[in-house]
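S.K.:
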Amino acid sequence: MGQHAILHDFNKANANPQLARYIHSTSYGQAQRAFEAAQAIHDLNGVASVLMRHPYHLDSLLTMADYFKFVGEHQMSADSIAKCLYALECTWHPMFTSFQGNCQLKYSHEANNPLFKALFIHMKNMGRRGCHRSALEVCKLLLSLDLDDPLGAMFCIDYFALRAGEYAWLERFSEEYESDNSLWLFPNFSYSLSVCRFYLEREDSSVAACQDTSKATSADLINQPLMLHPAVLKKLLVIESLESNRNDAKDCACARKEAFSSGKNEYAHLLVQDFSDTVPTIPPDNLQNFTVEPRAALQIGNLVPDPVDAGHAPPPRDIANRNPLVVLIESMLPWVNYGDGEDVVAIDENQHNGHAQDDEND
Numbered sequence: 001m002g003q004h005a006i007l008h009d010f011n012k013a014n015a016n017p018q019l020a021r022y023i024h025s026t027s028y029g030q031a032q033r034a035f036e037a038a039q040a041i042h043d044l045n046g047v048a049s050v051l052m053r054h055p056y057h058l059d060s061l062l063t064m065a066d067y068f069k070f071v072g073e074h075q076m077s078a079d080s081i082a083k084c085l086y087a088l089e090c091t092w093h094p095m096f097t098s099f100q101g102n103c104q105l106k107y108s109h110e111a112n113n114p115l116f117k118a119l120f121i122h123m124k125n126m127g128r129r130g131c132h133r134s135a136l137e138v139c140k141l142l143l144s145l146d147l148d149d150p151l152g153a154m155f156c157i158d159y160f161a162l163r164a165g166e167y168a169w170l171e172r173f174s175e176e177y178e179s180d181n182s183l184w185l186f187p188n189f190s191y192s193l194s195v196c197r198f199y200l201e202r203e204d205s206s207v208a209a210c211q212d213t214s215k216a217t218s219a220d221l222i223n224q225p226l227m228l229h230p231a232v233l234k235k236l237l238v239i240e241s242l243e244s245n246r247n248d249a250k251d252c253a254c255a256r257k258e259a260f261s262s263g264k265n266e267y268a269h270l271l272v273q274d275f276s277d278t279v280p281t282i283p284p285d286n287l288q289n290f291t292v293e294p295r296a297a298l299q300i301g302n303l304v305p306d307p308v309d310a311g312h313a314p315p316p317r318d319i320a321n322r323n324p325l326v327v328l329i330e331s332m333l334p335w336v337n338y339g340d341g342e343d344v345v346a347i348d349e350n351q352h353n354g355h356a357q358d359d360e361n362d
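Note that the UniProt record's numbering has the sequence shown beginning at 1, numbered continuously upward.
(1) Which residues does DSSP list as the beta-bridge partners of Ile-222?
(2) Would you list, in sequence order, the uninterrupted alpha helix (DSSP H) runs of no fewer than 4 residues that lie entirely inside the region 31-74?
(3) Nearest-angstrom Cα distance between Phe-160 and Arg-197?
(4) Tell me the rounded alpha-carbon separation between Leu-183 and Lys-83.
(5) Say whether the region 89-108 touches the region 121-132, bearing in mind that this needs 3 or more beta-carbon pairs closer than 8 Å, one atom from each stretch.
(6) Which residues does DSSP pair with Cys-103 in a beta bridge?
(7) Suppose you measure from the CA of Met-76 to the CA of Phe-173; what does that come to, to the nearest Å?
(8) Alpha carbon to alpha carbon, what distance is there between Asp-146 and His-109?
(9) What separation, rounded to the nearest whole angstrom, lies between the Cα atoms of Glu-201 and Leu-162?
(10) Please give me, in chain order, every unbroken run of the alpha helix (DSSP H) with length at least 4 that falls completely inside the region 91-177.
(11) To the nearest angstrom, report how far apart Phe-68 and Asn-113 are at their CA atoms.
(12) Tell whether a beta-carbon distance below 9 Å holds between Asp-148 and Lys-106.
(13) Cβ of Asn-102 within 9 Å of Cβ of Gln-32?
(14) How close, in whole Å, do the beta carbons of Ile-157 and Leu-136 come, if the pair is a contact with beta carbons under 8 Å?
(15) Leaving aside the five residues before and after Thr-35 along the sequence, list all residues of the same chain whose C-beta is less than 7 Å from its C-beta, in chain order.
(16) For residue 366, which residues from the same chain have a beta carbon less than 7 Å from its beta carbon, with the 5 sequence-adjacent residues on both sides left out?
(17) Exposed or buried, Ala-20, counting other C-beta atoms within 10 Å across all chains shown (16 or more means buried)?
(18) Contact check, Met-154 vs Val-138 under 8 Å by CB: the rounded distance?
(19) What residues match up with Ile-81 in a beta bridge as DSSP calls it?
(20) Give every residue of the same chain whose Cβ lies closer than 7 Å to the Cβ of Pro-294, excluding the five residues on either side of it in the sequence, and list them in chain order.
(21) For Leu-85 and Leu-226, what's the separation of their Cα atoms in angstroms?
(22) Which first and last residues belong to the alpha helix (DSSP H) in which Ser-192 is found?
(23) Compute the minimum distance between the beta carbon of Leu-142 and the heavy atoms of the ligand SAH, and state whether it is under 8 Å.
(24) If we count the other Cβ atoms within 10 Å of its Cβ and call it buried at 16 or more, is His-54 buried or exposed?
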């Protein structure tokens with residue numbers, strides 16, 4: 001990290017929660033300006049050049065993670081996000097205790113954005129790998145850092161809670177979470193809480209809770225989301241038939257108008273594809289627009305110190321049956337090692353000597 005360190009600055013030490021923010025050092029600011037210049041002209045070569053000189057530049061790592069995701073190299077994308085999170089965590093202030101809920105970072109401060117983006121992508125990666133409990137914990141952290149929820153963690157936390165089987169926690173969270181808007185107005189929560197209550201009713205440990213008349217049953221809870229968000233009925237009609245009733249339709253329309261009286265959408269800046277499990281890929285014909293010129297690769301390669309000289313060479317990667325364009329971009333990253341010809345020759349000689357000894361023994 002060294003000269004590229006990012007520090008936290010605490011304002012109002014006695015405030016609760018304490019607000020923290022990242023501060024760029026002088027050298028990191030120069031790398032950031034070089035990245036923004038390359039980003040302005042959509043130059044992936046320039047982004048790779050910044051990453052070669054500054055291996056832990058956050059925005060460059062996020063950009064390369066997106067690139068690897070689009071070309072289908074999901075493991076390389078996850079590795080870039082892991083390096084980004086490592087760089088962010090290494091610069092945390094000793095007073096910054098993220099898991100106690102007493103420190104927050106505002107997304108409105110531009111230098112804080114990489115932390116939110118990296119956590120959001122890491123959360124989705126955990127979900128795709130089936131690590132739903134880990135994804136839930138990351139989602140909790142993402143929501144606690146900024147209660148304004150700039151990236152829409154509220155649209156994910158109920159999903160991961162259901163997938164992880166945390167039904168009691170989800171119900172308690174909906175009751176204790178303090179917000180200007182009721183969680184029942186969120187489409188996902190209105191359905192998830194009814195599903196949550198359904199599973200709690202089936203558990204033997206919740207028999208006493210089911211006898212509590214203050215809590216509605218799952219059958220009663222499902223009525224409200226069907227009135228407020230009737231678009232889900234189109235999916236349910238495939239399973240169950242529905243009788244038409246004009247009076248009920250008018251009542252539902254009045255309920256929606258009263259619940260959503262304001263036409264302002266606080267989450268209009270979010271993209272639907274960011275919450276989809278479907279990962280888009282770039283068509284092969286368009287990959288040529290994202291390649292790095294060989295001359296630029298050679299010039300950048302001369303600026304990178306040999307990791308073997310530093311005494312901590314990374315293990316070599318296998319390039320068999322790999323996308324050559326991805327390997328070209330990947331080879332410019334300082335932490336990637338494909339080995340050298342001497343290693344291959346040594347392996348061949350060992351194999352040849354082994355075969356020769358076997359022949360002599362025979």
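C-beta: ideal position from N, C-alpha, C; glycine also.
M.R.: Based on what the coordinates show:
(1) DSSP lists no partner for Ile-222.
(2) 44-53 and 58-70
(3) 16 Å
(4) 35 Å
(5) no
(6) Gln-18
(7) 35 Å
(8) 11 Å
(9) 14 Å
(10) 113-128, 132-145, 154-163 and 167-176
(11) 20 Å
(12) yes
(13) no
(14) 7 Å
(15) Sequence inspection shows Phe at residue 35; the Thr mentioned does not correspond to that position. Val-47, Val-50, His-57, Asp-59 and Ser-60, listed in sequence order.
(16) There is simply no residue 366 to check, as the chain begins at 1 and stops at 362 in what is shown.
(17) buried
(18) Between Val-138 and Met-154 the Cβ distance is about 14 Å, and since that is not below 8 Å, they are no contact.
(19) None; Ile-81 has no bridge partner.
(20) Per-residue confidence for Pro-294 stands at a pLDDT of 46, beneath the threshold of 50, marking its modelled position as unreliable; the derived number appears in the next sentence. Cβ within range, chain order: n/a, list empty.
(21) 40 Å
(22) 187-202
(23) Although the ligand SAH was asked about, the structure shown includes no ligands whatsoever.
(24) buried
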